[in-house]
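Step one of this worksheet: look at the structure below.
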Amino acid sequence: MEYIQISIDGILYGSSYSLIALGFSLVFGVMRRINLAYGSSLLLGVAIALWVENKLNISIIFFIPIVLFFCSLSNLYVERFCFAPHNTKAGVVVSMISSFAIWMQLDEISSQLLPDRTHSFPSLEISTFEFGGLFFRGDQILNIVIAFIIAAILFLAVYKTKYGIVLRAVSNSADTAKLMGCNTNLVNSLTFIVAGVIGGIAAFLVLSTESQVTPLFGFWCTLKGLVAMMIGGLGSLTGAFWGGLLLGLLEAHLSYQFGPISREITTFSILLIFLIIRPGGLMGVNIYKDLKSRDERI
Amino acid sequence: MSLYLVTILTNMTLISFIAISAYLILIVGEVSFGQQAFFGIGAYMTATSTALLGLDIVIALFFAFMVSSSFALVLSFLTVRLSGLYFAVASLSFAELLRLSLYKVEYTVETNSGTIGPNGPEGFQNIRWIFENNISPENFLVIALSSLLTLIILLIFMENSKLFKNARLVGKDQIVAQSIGIGPFFYRIGFITLAGGVAGFGGGLFALFNTYVEPSMFGIMLGVHGLAYSIIGGLGYPLGPLIGVFIDIGLLESVRFLSEYRMILFGGLVAAILIIFPEGIISPRLVSRIKRKLVKKNNA
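Going down the list, the sequences are from chains A and B.
In case it helps, my numbering puts the first sequence at residues 196 to 493.
In case it helps, my numbering puts the second sequence at residues 461 to 760.
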């Protein structure tokens, strides 16, 4: 019974990892670039939204769109500043390092906006309920439901809509897509905005569950999203989703066994073990066997 | 010289070691986000050998070099199949694992000058080598600066050696390197190990100067800075990383009214410099152009 409870808690907690990893994976899938400033831009979006809320005293219903708006805005800033200028083949590493540098800028701006170490965050206040001797936190149930819905919407959008076709075309070969008349610049910007919206939803859900913000949230987001994505397989949307749940599950069990301090150690060990044994991730193909199919996957 | 200036110069010298270690890995075409951990290992090792074991500083720094380079050797063997983004993330997780395990290291000894030895999250306190040997800050600056200069002069001389040329080729295009019989395996492992050692040596000096170290000092932001310095400096010449260090610490931190916004300015500055100079300020292309000009002048 105890193990079932821990597993449930882990999976529920992991759904927030899944959401963040989906945003990560979307950007990687389309641009073949990794955005290390993702967590920090979410933190910045949240920080600006909180700052606006403090000034204007608005209710939670208006607060959510403000969070989403500023998250996508800061994501767009990262795209324009770190990714758009480096759109050649040699720019893959440069844009990664550029986003790495912007990470510290955004983190610093956020901590200037949130001068205290912890800041209260509006909570959704959904009560915990019991079912067959197991406890479920209401806000975490909401979290996993929204994660499922967003994953489903994203999947349908990528595989069933015209926007999805353009997206996959750009992902497959940006040059060919350009020759066919796709505005790849616009597609990239839109991808970052969508990733910002998904990340904003994830950030809001996570922070309202915790009902506080710390300046470490940016690092936390980037880290968990990255690990979940790499476990699942780089650039695979389904992989990112299941990777997040798996990471939550493993973390819950290992931190129950070895104490809460080892939670971080667990995350990094899982990542390192996966990278050494199976660099392509769970859903990914073996990255060295089949280069072509790796590039075609989204 | 005022104490403020001496401290800033010493900090610049010490962080240059991380920048150079990041540079060495960039030469073989990899990006490491984990050099801060080797810096930390070196710091802890030097602290242990001077404060706990009472060894000589030369031996202590040698130990720091050896131990941190052997950790780097382990990393390079673990990640032998990885490259690019995968290597970067693997080095990051390896570094954080090392740093987090420092939180668990506890071995303290009571002496009449206080508790010494690694003490979990509180770190390693009372590294009294500077006080015991009456080293003034100026003298320490001379020690640090002369070791840095030795390292750079060594690297400048190595620059024309076959070893470095082959390593650069491996970094630039692995397939071309393999096709003319240069196996990337040896160069990758060698340079990652050497880079770990260089970072560890710098960390050792840092521990002596700072008189106390704790695991939270070796967080990812230290690595970000080190990497950013060598990236904006460029990969053309060993002096490149020092340009980055100078821009950040020399210009931004030392100017008082800027230092509060230093991280904001520097982050933006790195991204802006990378837009103008994607290969860094002293890029390999620039160096070869200058070399060609010099050769022409000599011939004429």
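Glycine is no exception: its CB is placed at the ideal position from the N, C-alpha and C atoms.
Computed from a prediction, not measured in an experiment: that's the story for all the values here.
- Ser-315 (chain A) sits in a strand when the DSSP states are folded into three classes.
- Taking every protein chain shown into account, the CB of Lys-419 (chain A) has 16 or more other CB atoms within 10 angstroms, so this residue is buried.
- According to the DSSP secondary-structure assignment, Leu-329 (chain A) is paired through a beta bridge with A:Phe-326.
- About 4 Å separates the beta carbons of Val-658 (chain B) and Ser-481 (chain B), which is inside the 8 Å limit, making them a contact pair.
- Distance from the Cα of Phe-295 (chain A) is smallest, within the candidate group B:Ile-736, B:Val-755, B:Ile-692 and B:Arg-752, for B:Ile-692.
- Short of 7 Å from the beta carbon of Ile-259 (chain A), and not among the five residues preceding or following it, lie these beta carbons of its own chain, in chain order: Phe-399.
- According to DSSP, Pro-578 (chain B) shares a beta bridge with B:Phe-584.
- Inclusion of Leu-442 (chain A) and Phe-350 (chain A) in the CB contact set at 8 Å is not warranted, their separation being larger than that value.
- Between the segment 227-234 of chain A and the segment 277-289 of chain A there are three or more C-beta pairs closer than 8 Å, enough to call the two in contact.
- Between Leu-214 (chain A) and the set A:Gly-438, A:Thr-323 and A:Phe-257, the nearest pair of CA atoms involves A:Gly-438.
- For Glu-570 (chain B), the enclosing beta strand (DSSP E) stretches over residues 569-571.
- In the three-state reduction of the DSSP assignment, Glu-739 (chain B) falls in the coil class.
- In summary, the residues of the segment 472-495 of chain B whose CB is separated from some CB of chain A by less than 8 Å are Val-491 and Phe-493, in the order they occur in the chain.
- Annotation for Arg-473 (chain A): no alpha helix (DSSP H) segment contains it, and DSSP assigns it neither H nor E.
- Taking C-beta separations shorter than 6 Å and ignoring five residues to either side along the sequence, the partners of Leu-552 (chain B) in its chain run Phe-493 and Gly-494, following chain order.
- The C-beta of Ile-388 (chain A) comes no closer than 8 Å to any C-beta of chain B.
- Residues of the segment 277-298 of chain A that bring their beta carbon within less than 9 Å of a beta carbon in chain B comprise Cys-277, Pro-280, His-281, Thr-283, Ala-285, Gly-286, Val-287, Val-288, Val-289, Ser-290, Met-291, Ile-292, Ser-293, Ser-294, Phe-295, Ala-296, Ile-297 and Trp-298, in sequence order.
- The Cβ of Gly-728 (chain B) sits closer than 8 Å to at least one Cβ of chain A.
- Secondary structure of Val-382 (chain A) (DSSP, three-state): helix.
- Remark: three or more beta-carbon pairs, one from each stretch, lie closer than 8 Å, so the segment 488-508 of chain B and the segment 663-677 of chain B are flagged as touching.
- Non-local beta-carbon contacts of Ser-450 (chain A) in its own chain, meaning distances under 7 Å to residues more than five positions away in sequence, involve Ser-457, Arg-458 and Thr-461 in chain order.
- In the structure shown, Val-488 (chain B) falls within a coil segment according to DSSP collapsed to helix, strand and coil.
- Of all residues in the segment 517-542 of chain B, the ones placed with a Cβ closer than 8 Å to any Cβ belonging to chain A are Leu-538, Thr-539, Arg-541 and Leu-542, in chain order.
- In the assembly as shown, Glu-592 (chain B) is an exposed residue. Its beta-carbon has fewer than 16 other beta-carbons within 10 Å.
- Residues of the segment 462-479 of chain A whose Cβ lies closer than 7 Å to any Cβ of chain B, in chain order: Phe-463, Ser-464, Leu-466, Leu-467, Leu-470, Ile-471 and Pro-474.
- Put simply, the CB of Met-681 (chain B) is near chain A, with a gap under 8 Å to one of its CB atoms.
- For Met-677 (chain B) and Arg-559 (chain B), the gap between their C-alpha atoms comes out near 9 Å.
- The three-state reading of DSSP puts Val-401 (chain A) in helix, counting H, G and I together.
- Using a Cβ-Cβ cut-off of 8 Å, Glu-556 (chain B) counts as an interface residue toward chain A, since at least one Cβ of chain A sits closer than that to its own.
- Contact between the segment 322-338 of chain A and the segment 730-750 of chain B is not established, with fewer than three Cβ pairs separated by less than 8 Å.
- With distances taken between CA atoms, Ala-731 (chain B) lies nearest to A:Val-273 out of A:Gln-335, A:Gly-205, A:Ser-236 and A:Val-273.
- In terms of Cβ geometry, Tyr-208 (chain A) and Ala-447 (chain A) form a close pair [threshold 8 Å].
- Taking all protein chains in view, the Cβ of Tyr-567 (chain B) is surrounded by fewer than 16 other Cβ atoms within 10 Å, so the residue is classified as exposed.
- Note on Val-755 (chain B): under 16 other CB atoms within 10 angstroms of its CB, so exposed under the neighbour-count rule.
- Short of 8 Å from the beta carbon of Gly-489 (chain B), and not among the five residues preceding or following it, lie these beta carbons of its own chain, in chain order: Ser-543, Val-630, Gly-631, Lys-632 and Gln-634.
- In this structure, Ile-587 (chain B) keeps its C-beta atom at 8 Å or more from the C-beta atom of Thr-473 (chain B).
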